[in-house]
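S.K.:
2 protein chains.
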Amino acid sequence: MEINKDLPTPLYYQVQEILEDKIISGEWAEGYQLQTEKELAKLYNVSTITVKRALQELVNKGKLYRVRGKGTFVSKQVKENNIFNVVTFGTENEEVNPHKLLHYSIGKAEKTVAKKLDLSERDQLIHLIRLKFEDEVPAALEFSYLVYDLCPNFSPLLTEKDLIYNVVQENDDVQLEKVKIHFSTISANDYEADLLQIEEGTPLIVLERVTYADKGRPVEYSKFIIRQDKANYYIEFNLK
Amino acid sequence: MEINKDLPTPLYYQVQEILEDKIISGEWAEGYQLQTEKELAKLYNVSTITVKRALQELVNKGKLYRVRGKGTFVSKQVKENNIFNVVTFGTENEEVNPHKLLHYSIGKAEKTVAKKLDLSERDQLIHLIRLKFEDEVPAALEFSYLVYDLCPNFSPLLTEKDLIYNVVQENDDVQLEKVKIHFSTISANDYEADLLQIEEGTPLIVLERVTYADKGRPVEYSKFIIRQDKANYYIEFNLK
Chain A
1 MEINKDLPTP
11 LYYQVQEILE
21 DKIISGEWAE
31 GYQLQTEKEL
41 AKLYNVSTIT
51 VKRALQELVN
61 KGKLYRVRGK
71 GTFVSKQVKE
81 NNIFNVVTFG
91 TENEEVNPHK
101 LLHYSIGKAE
111 KTVAKKLDLS
121 ERDQLIHLIR
131 LKFEDEVPAA
141 LEFSYLVYDL
151 CPNFSPLLTE
161 KDLIYNVVQE
171 NDDVQLEKVK
181 IHFSTISAND
191 YEADLLQIEE
201 GTPLIVLERV
211 TYADKGRPVE
221 YSKFIIRQDK
231 ANYYIEFNLK
Chain B
1 MEINKDLPTP
11 LYYQVQEILE
21 DKIISGEWAE
31 GYQLQTEKEL
41 AKLYNVSTIT
51 VKRALQELVN
61 KGKLYRVRGK
71 GTFVSKQVKE
81 NNIFNVVTFG
91 TENEEVNPHK
101 LLHYSIGKAE
111 KTVAKKLDLS
121 ERDQLIHLIR
131 LKFEDEVPAA
141 LEFSYLVYDL
151 CPNFSPLLTE
161 KDLIYNVVQE
171 NDDVQLEKVK
181 IHFSTISAND
191 YEADLLQIEE
201 GTPLIVLERV
211 TYADKGRPVE
221 YSKFIIRQDK
231 ANYYIEFNLK
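Line order of the protein sequences matches chains A and B. For the first sequence, the positions run 1 to 240 when the UniProt record's numbering is used. For the second sequence, the positions run 1 to 240 when the UniProt record's numbering is used.
1) Determine the chain B residues that contact A/H182 at a beta-carbon separation under 8 Å, and present them in chain order.
2) Where does B/R53 sit, in a helix, a strand or coil, going by DSSP?
3) CB-CB under 7 Å to B/L195, same chain, minus the five flanking residues each way: which ones, in chain order?
4) Relative to the C-alpha of B/V174, which residue among B/N60, B/P8, B/Q14, B/R217 is closest?
5) Measuring alpha carbon to alpha carbon, tell me which of B/N45, B/E80, B/N171, B/L40 ends up nearest B/G71.
6) In the DSSP assignment, what are the bridge partners of A/Y234?
7) Which residue or residues does DSSP assign as beta-bridge partners of B/S105?
8) Is it buried or exposed, B/T50, if we count other Cβ atoms within 10 angstroms and call 16 or more buried?
9) Starting from the Cα of A/H127, find the closest Cα among A/N232, A/E136, A/P152 and give me that residue.
10) Could you give the distance in angstroms between the alpha-carbon of A/E20 and the alpha-carbon of A/I129?
11) Can you list, in chain order, the residues of its chain whose CB lies under 6 Å from that of A/K240, leaving out five sequence neighbours each side?
12) Taking DSSP as the reference, what is the three-state secondary structure of A/E92?
13) Specify the secondary structure class of B/P156 as computed by DSSP and reduced to three states.
14) B/A29: buried (16+ other C-beta within 10 angstroms of its C-beta) or exposed?
15) Under a Cβ-count criterion, where at least 16 other Cβ atoms within 10 Å of its own Cβ denotes burial, should A/L101 be classed as buried or exposed?
16) In terms of residues, what are the limits of the alpha helix (DSSP H) holding A/T211?
17) Enumerate in chain order the residues of its own chain whose CB-to-CB distance from B/Y234 is below 8 Å, with the five nearest sequence positions on each side excluded.
18) Do the CB positions of B/L64 and B/L55 come within less than 8 Å of each other?
19) Would you check if the distance between the CB atom of B/V113 and the CB atom of B/Y145 is smaller than 8 Å?
20) Check the Cβ of A/Y191 against every Cβ in chain B and list those closer than 9 Å, keeping chain order.
21) Using a Cβ-Cβ distance cut-off of 8 Å, determine whether B/L239 contacts chain A.
22) Could you check where the alpha helix (DSSP H) with B/T72 kicks off and where it finishes?
23) Which of the three DSSP states, helix, strand or coil, is assigned to A/I225?
24) Would B/Q228 pass as an interface residue toward chain A - the criterion being a Cβ-Cβ separation below 8 Å?
25) Got a sec? Which residues, its chain only, sit under 6 Å from B/G90 by beta carbon, not counting five neighbours each side?
26) Using beta-carbon positions only, say whether A/E57 and A/T48 come within less than 8 Å of one another.
27) Can you tell me which of B/K116, B/D118, B/E134, B/K108 puts its alpha carbon nearest to the alpha carbon of B/L125?
28) So the alpha helix (DSSP H) B/E20 belongs to, where does it begin and stop?
29) Would you list, in chain order, the members of the segment 159–181 of chain A that have their beta-carbon closer than 9 Å to a beta-carbon of chain B?
30) Establish whether the CB of B/E17 and some CB of chain A are separated by less than 8 Å.
31) Which chain B residues sit within Cβ distance under 9 Å of A/L204?
32) Identify the continuous beta strand (DSSP E) that holds B/V137 and give its terminal residues.
33) Give me the chain B residues within the contact set of A/K42, using Cβ-Cβ distance strictly less than 8 Å, ordered along the chain.
34) Is it true that the segment 187–207 of chain B meets the segment 220–234 of chain B, where meeting means three or more beta-carbon pairs spaced less than 8 Å apart?
35) If you measure from the beta carbon of B/F73 to each beta carbon in chain A, is any gap under 8 Å?
36) Starting from A/V67, trace the beta strand (DSSP E) both ways and give me its first and last residue.
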């Protein structure tokens, strides 16, 4: 694959694809140090601005990382996760992905959250903020709300080493029936960037989950703000 | 809900939540014009920088839109779509969402795409770039690759008014069996921003789809780059 200045695709995107190919094909393994921006610019006959941009996109995608004063390196490839398995505790072993509890409180629902859980603003909610680690690096910021009436025995500390689902089912005997997950994206703000140890403005994956107990009663709402260099989520459907 | 300067949550985020509440609850309907940034800053006793940021986040989320020289307005609420239905042509009527064909060619596979489709670089691929419109506004940029050997009768113009799946099944009698969809996110580059009529740097949703025919043969790879103010995707699972 070579740079083609006649194509409508932007040059930096073409450079990005060439570099990404080398990572995906394994030609550049984990930890491989890239040439300098100047060298790459000369190699592909483009400006260093073009190279900078291609590298920044690959850093945002989690394919590359930078070490100040040293250079740019190829990241560890992230294992892909089937969202269905992650959600239904099929294969994911959450014990190896510890959470740090940043906040725990019980109080009245805010209007936005109350609406998602079909509650009035007078209902009490358990509110957790947790930071999820992978390989000792922050991977996701998780805001969770549980309906207090349905989980009066909820024990927040257990969620540092176990899934909320397991804690709720075991401590409060709640039967979980259905889950609905919305996808969106945000640019990291200073608060998120600081906690997740990334640059402000980095695009992040947002999963919003509402879990329903028997009789369709909403029991839990969580918002997961996820570093995409730490996650590779997919879903599968049969078409027949 | 009021601003609480003692909370660890950033002020702009608190303002954002207050404003979002008014939109979600319907207190502010579609087309409602917000007060000026100065007025909002005075109202919530925060700086105009804080208000600017809260508004920008809501513009990025598609809840608000700006008209130059006029002000900030509440957007039309986007209907939510179950990804399963969108993919399996269950309920989505794609005819009302026309596509504009930007590019069509047949040629050798690039390494990255070949790998996704389990092909060698010698195999021929049909390559389409399309722009999807909703209410006459660009909503998604779609790059598609089809295995030429499996769809020799493929007719690109049909995809301006029909789903690729339908065209493939009807023209080439290909039986589609399974689909796998990956989620990620990017910041709009100049090319994407220009085509999708948004600001550079706006976070976009990326869905990458690989479709398999009988015997598990990959037949199609598409990358959908989606304005999130034009999409609200979710999935549902039973947990029992």
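We put the beta carbon where it would ideally sit given N, CA and C, even for glycine.
M.R.: Walking through what the data contain:
1) E80, N232, Y233, Y234
2) helix
3) L131, P138, L141
4) B/R217
5) B/L40
6) A/N82, B/H182
7) B/H127
8) buried
9) A/P152
10) 35 Å
11) none
12) Residue placement at A/E92 is flagged as unreliable, the pLDDT there being 49, under the threshold of 50; the coordinate-derived value follows with that caveat. A/E92 falls in the coil class under three-state DSSP.
13) helix
14) exposed
15) exposed
16) From DSSP, A/T211 is part of no alpha helix (DSSP H) but of the beta strand (DSSP E) over 203–213.
17) E80, N81, N82, I83
18) yes
19) yes
20) P8, T9, P10, Y13
21) yes
22) Where B/T72 is concerned, there is no enclosing alpha helix (DSSP H), although the beta strand (DSSP E) it sits in stretches over 71–74.
23) strand
24) yes
25) Summary for B/G90: the model assigns pLDDT 43, below 50, so the residue's position carries little reliability, and this model does not support an answer.
26) no
27) B/K108
28) 11–24
29) Y165, Q175, L176, E177, K178, V179, K180, I181
30) yes
31) T185, P203
32) 137–147
33) Residues of chain B passing the Cβ test: none, with the nearest at roughly 22 Å.
34) yes
35) no
36) 64–67
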